[in-house]
Structures are given as structure tokens and as C-alpha cells.
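Encoded as C-alpha cells, the structure appears first; notes follow it.
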Amino acid sequence: MFEAEVNPEDITSAEFVVAIPSYNEADSIAFPVQQADRGIESFFGNRKSVIINCDNDSDDGTKEIFLGIRTNTPKIYISTEPGMKGKGRNFKNLFQKIVDLEAKAVVVVDADLKSITPKWIKHLGEPLFQDFGYVAPLYVRHKYDGTITNSIAYPLTRSLYGRRVRQPIGGDFGFQGELAQVYLESDTWSEAVANFGIDIWMTTLAMNENVPICQAFMGRPKIHRAKDPGSDLGPMFRQVVGTIFEMMIKFCPFWSQVKWSKPTSIFGFGLGETEMPPPVKVNKETLFQKFQHGFKSCGHILENVLQKETFNKLREVKKMDTDRFDFPTNLWINVLIDFAVGYRDKVWKEDELLDSLIPIYLGKTLSYVRKTERMSVRESEEFIEEECVQFEASKSLLVQVWNKGA
Amino acid sequence: MAKILVVDDEEHIRLLYSEELSEAGYEVITAADGHKLIERIETEKPDLVVLDIKMVDYNGLDLLQEIRNKFYDMPVILCTAYDTFKEDIKSIAADFYVIKSFDLTELKKKIATALETHIPSS
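Those protein sequences? They're chains A and B, same order as listed. The number in this note's numbering is simply the position in the first sequence, starting from 1, with 7 added. The number in this note's numbering is simply the position in the second sequence, starting from 1, with 48 added.
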């Protein structure tokens, strides 16, 4: 039977909320709930707290598992209407609940986390009681994990909005309760935001609100349910990148004035030796083939979206074989600039335009893999930092191209 | 004229940075350690801090964290003789870092960029 809310202890107010969004997470939600409960007890014992599961009306028993877990912290289950899916929709329900509860601080963690500890709750939550409005996670990730973050989300948001937030789509984060109202009232909500665009949307809005942001070091790598990158990439890529481009349109007056970038405060060290992330295998040949085939099948779109010079350079890259393959960072920056402008000007059907960027992104990923294959995690981080500086140095070009096309 | 606070426990470094950065058009003030650094920043209001990582009695990365928590957007450039400090996660709270050298070209470049950085208020 569908229930929009189950609130067994009739909780009507809370100072601190730990929220866990879900869809069919019956087999995994128990662990993060237990860790959250321990985190709340150990570090926020003096604050009135609640654990909220915001769900997409899962049909695998997520609700029953969540409500059945024995915790010292009270729990509330909320759900979207039957058939209404999307991570962002879960968050919309959550924002309203936070406003209703008048919560001061909210920590969100993924339902399929296997590496979460009670200290994650501490590190994501504590800064919110010390003047910080938004807390982004800082994990040690394998150099081939999170390539959308490494190639697009991090360098673009950093150069656009001037804040160095390494994991802007991390999935585990904290925000002050006051921000929930800002999110509810924002006129930038979209279908992409209602799905996987939600994380980058929340981070970007926080940056544009000039909310003090810090990053919390989690100490452990993020280990969660393994996903097949091939099957997941399309919708997630479209929703994340589409949201970034949408926000560029909306917040142009802000980002066009930003020069270079600022670091953030770091919380959460002192966790002992940092655990290294598990290796991520990458099939270079598959990336190469997908780049080649995608370039061929999307050539007509690329020719419309990209400036002639950029398209020609991309054709030169296409001619390289796997062993010599090199996708220059400046070319990647030019591709993203042209796609952002093309998206704004609707030069092609939105979904097809975003899909045509995927093979180019896979080519860029292949180049990154080749350049960093002998590097340690730290060295590859420095490589990404250098790329970010190139993004920032190209900001004036972005502003110029953006204004020219407007 | 931008005011730069140089924090370093080596006197010859403080002298070198003072001379060169003054010649480059900056007002330079110095501190030999991290003692009452936050108070000093509060009263002297520098536009940027150049901070040595390894001082005899102070860890520059801890000082960086103190500065960052108190002065959210204060530009801080870390100076070090070795780049092993990057293994410490706290180092990413710095705007930039430079490897110590008698040639201050890189430092001056980073100072200029850090002072040029701009994020408008919403």
C-alpha cells in the first residue's frame, strides 16, 4: 500500500537530519542507516535528530527494511507518488520536510554505501554548526573512478563559479537547513534536476548563493554498489551535463565575472592513515572504438555544434591510433565551450546534442588514461589540477564566445 | 598597494622576500613564526599571506587551516623546500604553493594571480 509518509514517532521538529535517498535499496540501506545512527549518537547526541529515508516508492521492500532497522534515532519515511522516479524528486520531498521540521543542518548519504563510518556523519555535519552552509565530500578515489567529475563537473564548476569543490556530484554532503527553502524556491528546476542532475544543481546553487563552502575529508574511499558504466552513462551524462549547461544560461551574470578560483576549508583530517581506493579497470580499446564510432555516427551534429577549427582538430585526433592517441586539454575546453553555447542556442535537439558529446568525452577519457597510467593517485590529482588551471585560463575565451553567440 | 604578510622562520628568506616583493610594488610585513598570527592578520589586514610550511615550532598546514577558518577568502600561498607536503590533504586549502627558490618569478606570478582572483557577491 502506498504511503507518502510514515512517521512512527510523530516527529514534528528536528535540529539535525541525516537523509538517505533511495530507489530499490532494500539489500543495502541497512548499513548506512546503522552507521548514521551511530554517528548521530556519538557526535550529535545533544541535538534533536532524525533519520529520513526519501524514497521513490520502491517495490523491493526498502521502506519495510528502513523502518524495521533498530535505531536510537527516530526515523521518518517519505516517498514520491507511485510511478514518480528520480533522485531529484526524492530531494524535493526532502527539502519540504526539512522546512517543515525547521532543521538547522542536513547530511545526505547514499543508500548503497559500503564504506561509510559514523565519522562521515560527524565530518559532513559538524561544519554546518560552524558557519559553513554547504559541505562537499572529499574522498580519495581511484584515478579512473569518477571520470565525468574529473573531466567535466569539477573543472567546469571550478572555472565557472570560482570555488574548488573536488566532488561537486559526490552524493554524500551536508547543507544548512536554510538552503532547503532556497532550493524549493529556485526557478531552475528541470526534468534533469529531478533525476541525476540534482547533485550538481545543489552544489551550483550553493556556490551562486555565495554560501560558505567547505570540503570534508572522508578518510575512506567511497565504496558502493558497482555499476555498469556502459549502461548507466547515457542518462546520467545527459542529466549532469545538461544541468551544468542549464545553470550556465541562468547564472551567466555571476560566472562571467569570476576570475580564477579559491580553495575551500578542509575538515575531517586526523583519521589516521588514508585507505587507498580499489582499482578501477578501464578498457582502452573499448574507449577508442566508442570514440571512433561515435564520431562517425554523430559527425553531422558535431559539425553543427563545433566551430570549424575545433571540428577540424577533432578530426585530426580521430586519425590517431590507440598507441599515439592524445586529446589535448585545450581542444577539450574548446569542445565544451562550443557545446555549452550550442546547447543554449538550441542548435540541435537537446538529448541528441548531449549524446553526441559522449563519444568525444570517451576520447578525452582515453587520453587521460594513457597520460596517467603510470601515475600514482596523487600524481593524477596534480594532472587534473593542471587541467583545471587551463580551464581557468580559458575563461576569457568562454566569456568571449558566449557573448558573441548571445 | 597590496599588503603581503610573509611568515617564515628563516631571517634571510624574510629579508629576500621583503626586498624583492617591495621592489615588485607590494607592501610587505613579516612574521618569524605562527605566534598570534591570527591576531596579526586581524589587526594588519594583509591582502595575502605567504606561508612557510616547515617552521621550527609551527606547522604551516595547521596555521593554514586556522587562517582559512577565520578568514574564509584570504589568499594563502604555501612555500616549501620539498613537495612532499602535498601528501597532506590540508594543503589543498591553499590558493597555491611554490617550491622555495632564490628566483621569485614563480612566487610573484602566483601572488599576482591570487590577488586577481575574483568571485562576485551574489
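All C-beta atoms in this analysis are idealised placements derived from N, C-alpha and C, irrespective of residue type, glycine included.
Confirm, please, whether the CB-CB distance from ASP81(B) to ASP110(B) is below 8 angstroms.
To locate residue 110(B), count along the second sequence from 1; it is residue 62. To locate residue 81(B), count along the second sequence from 1; it is residue 33. Not in contact: ASP110(B) and ASP81(B) (Cβ atoms no closer than 8 angstroms).
Would you mind sorting ASP44(A) into buried or exposed? The rule is 16 or more other CB atoms within 10 Å of its CB.
Position 37 of the first sequence, counted from the start, is the residue given in the question as residue 44(A). Buried, since its Cβ has 16 or more Cβ neighbours within 10 Å.
Got a sec: is the Cβ-Cβ distance from GLN397(A) to anything in chain B below 8 angstroms?
Position 390 of the first sequence, counted from the start, is the residue given in the question as residue 397(A). No, GLN397(A) lies away from the interface with chain B (no Cβ there is under 8 angstroms from its Cβ).
Among residues of its own chain, excluding the 5 on either side of TYR151(A), which ones have a beta-carbon nearer than 7 angstroms to its beta-carbon?
Working through the first sequence from its first residue, we reach residue 151(A) at position 144. The answer, listed in chain order, is VAL287, VAL289, VAL376.
Under the assumption that CYS61(A) contacts ASN97(A) (Cβ atoms under 8 angstroms), give the Cβ distance between them as a whole number of angstroms.
Counting from 1 along the first sequence, the entry for residue 61(A) is found at position 54. Counting from 1 along the first sequence, the entry for residue 97(A) is found at position 90. About 4 angstroms separates the two Cβ atoms, so the contact holds.
Interface residues of chain B around VAL265(A) at Cβ under 8 angstroms?
Looking up residue 265(A) in the first sequence gives position 258. Here the neighbours are HIS166, ILE167, PRO168.
For the candidate residues LYS70(A), PHE51(A), ILE205(A), LYS94(A), whose alpha-carbon lies nearest to that of LYS129(A)?
Counted from its first residue, the first sequence places residue 129(A) at position 122. It is PHE51(A) whose Cα lies nearest to the Cα of LYS129(A).
Tell me the DSSP bridge mates of ASP62(A)?
Working through the first sequence from its first residue, we reach residue 62(A) at position 55. Note: ASP62(A) sits in a beta bridge opposite SER29(A), SER86(A).
To the nearest angstrom, report how far apart TRP409(A) and ILE344(A) are at their CA atoms.
If you number the first sequence from 1, residue 409(A) lands on position 402. If you number the first sequence from 1, residue 344(A) lands on position 337. So the alpha carbons of these two residues sit roughly 8 angstroms apart.
Return no unless some Cβ of chain B is closer than 8 angstroms to the Cβ of GLY169(A).
The count along the first sequence starts at 1 and reaches residue 169(A) at position 162. Answer yes: the Cβ-Cβ gap between GLY169(A) and chain B drops below 8 angstroms somewhere.
Specify the secondary structure class of LEU53(B) as computed by DSSP and reduced to three states.
Translated into positions along the second sequence, residue 53(B) becomes position 5. Three-state result, LEU53(B): strand.
Using a Cβ-Cβ distance cut-off of 8 angstroms, determine whether GLU135(B) contacts chain A.
The residue given as residue 135(B) occupies position 87 in the second sequence. GLU135(B) counts as touching chain A.
Rounding to the nearest angstrom, what Cα-Cα distance links TRP262(A) and SER166(A) in this structure?
Looking up residue 262(A) in the first sequence gives position 255. Looking up residue 166(A) in the first sequence gives position 159. Using only the alpha carbons, I get a separation of about 8 angstroms.
For a minimum of 3 consecutive residues, which ranges assigned as the beta strand (DSSP E) are wholly contained in the region 355 to 410 of chain A?
Those beta strand (DSSP E) runs which fall completely within the region 355 to 410 of chain A and span 3+ residues do not exist here.
In the region 82 to 132 of chain B, which residue ranges form an unbroken beta strand (DSSP E) of at least 3 residues, counting only runs that do not cross its ends?
Listed in chain order, they are 96 to 100, 124 to 128.
Across which residues does DSSP place ALA143(A) in a beta bridge pair?
Counting from one through the first sequence, the residue named residue 143(A) turns up at place 136. ALA143(A) pairs with GLN222(A).
Using the DSSP secondary-structure output, state which residues sit across from ARG232(A) in a beta bridge.
Taking the first sequence and counting its residues from 1, the one referred to as residue 232(A) is at position 225. For ARG232(A), which the question treats as bridged, DSSP gives no partner whatsoever.
Name, going along the chain, the residues of the region 205 to 226 of chain A whose beta-carbon falls closer than 7 angstroms to a beta-carbon of chain E.
Among the protein chains in the structure shown, which are A and B, there is no chain E.
Quick check on this structure: which residue in GLY177(A), SER193(A), MET225(A) has the alpha carbon closest to the alpha carbon of GLU203(A)?
As a position in the first sequence, residue 203(A) is number 196, starting the count at 1. Looking at the sequence shown, residue 203(A) is not Glu but Phe. Closest by alpha carbon: GLY177(A).
Between the region 247 to 259 of chain A and the region 298 to 317 of chain A, do at least 3 Cβ pairs fall closer than 8 angstroms?
Result no; under three Cβ-Cβ pairs closer than 8 angstroms.
Which residues in chain B sit within 9 angstroms of SER268(A), going by Cβ to Cβ distance?
Stepping through the first sequence from its first residue, residue 268(A) is reached at position 261. Neighbours of SER268(A) on chain B, chain order: ASP143, THR165, ILE167.
So which residues of chain A does ARG88(B) contact, with C-beta pairs closer than 9 angstroms?
Here residue 88(B) refers to the residue found at position 40 of the second sequence. Those within 9 angstroms of ARG88(B) in chain A number zero; the least Cβ separation is about 20 angstroms.
Looking at chain A, which residues of the region 109 to 120 of chain B have a Cβ within less than 8 angstroms of any of its Cβ atoms?
Those would be GLN113, ARG116, ASN117, TYR120, in chain order.
Pair every Cβ in the region 51 to 66 of chain B with every Cβ in the region 355 to 367 of chain A, then say whether three or more of these pairs are closer than 8 angstroms.
Flag = no, the region 51 to 66 of chain B and the region 355 to 367 of chain A do not touch.
On the CB-based measure, 16 or more other CB atoms within 10 Å of its CB, does TYR130(B) come out buried or exposed?
The residue labelled residue 130(B) in the question sits at position 82 within the second sequence. Exposed: under 16 other Cβ atoms inside 10 Å.
Under the DSSP definition of a beta bridge, which residues are partnered with TYR168(A)?
The sequence position of residue 168(A) within the first sequence is 161, counting from 1. TYR168(A) pairs with nothing; no bridge assigned.
Between the alpha carbons of LEU369(A) and GLY349(A), how many angstroms are there, rounded?
For the purposes of this step, residue 369(A) is taken as the residue at position 362 of the first sequence. For the purposes of this step, residue 349(A) is taken as the residue at position 342 of the first sequence. Approximately 20 angstroms between the Cα atoms of the pair.
What's the gap between the Cα of GLY237(A) and the Cα of ARG116(B)?
Walking along the first sequence from the start, residue 237(A) turns up at place 230. Walking along the second sequence from the start, residue 116(B) turns up at place 68. Below a pLDDT of 50, predicted positions are generally treated as unreliable, and GLY237(A), at 49, falls in that range; the measurement from the model is reported next regardless. In a straight line, the C-alpha of GLY237(A) is about 41 angstroms away from that of ARG116(B).
Determine, using beta carbons only, whether ARG4(A) comes closer than 8 angstroms to chain B.
Look at the range of chain A in this structure, 8 to 413, and you will see that residue 4(A) is not part of it.
Would you give the residue range spanned by the alpha helix (DSSP H) that SER304(A) belongs to?
As a first step, residue 304(A) is located in the first sequence; it is residue number 297 there, counting from the start. Start and end: 291 to 312.
Leaving out five residues before and five after THR154(A) in sequence, what residues of the same chain have Cβ atoms less than 6 angstroms from its Cβ?
In the first sequence, the residue the question calls residue 154(A) occupies position 147. Only THR372 meet the Cβ criterion.
Within the 8 angstroms Cβ cut-off, does THR153(B) reach chain A?
For the purposes of this step, residue 153(B) is taken as residue 105 along the second sequence, with counting starting at 1. No - not a single Cβ of chain A is within 8 angstroms of the one on THR153(B).
Just to make sure I have the definition right: I need the residues of chain A whose C-beta is within less than 7 angstroms of the C-beta of ILE140(B). Which are they?
Position 92 of the second sequence, counted from the start, is the residue given in the question as residue 140(B). Near ILE140(B) (Cβ distances below 7 angstroms), the residues of chain A are PRO270, ILE273.
Out of GLN222(A), TRP208(A), ALA37(A), which one is the CA nearest neighbour of GLU216(A)?
Residue mapping note: residue 216(A) aligns to position 209 of the first sequence, counting from 1. Looking at the Cα atoms, TRP208(A) is the closest of the given residues.
So, for LEU53(B): in the same chain, excluding its five sequence neighbours on each side, which residues have a beta-carbon less than 6 angstroms away from its beta-carbon?
Here the question's residue 53(B) lines up with position 5 in the second sequence. For LEU53(B), where only same-chain residues beyond five positions count, the Cβ hits under 6 angstroms are ILE77, PRO94, VAL97.
So for LYS178(A), helix, strand or coil by DSSP?
Within the first sequence, numbered from 1, the residue matching residue 178(A) stands at position 171. Before going on, a small fix: residue 178(A) reads as Gly here, not Lys. Correct three-state label for GLY178(A): coil.
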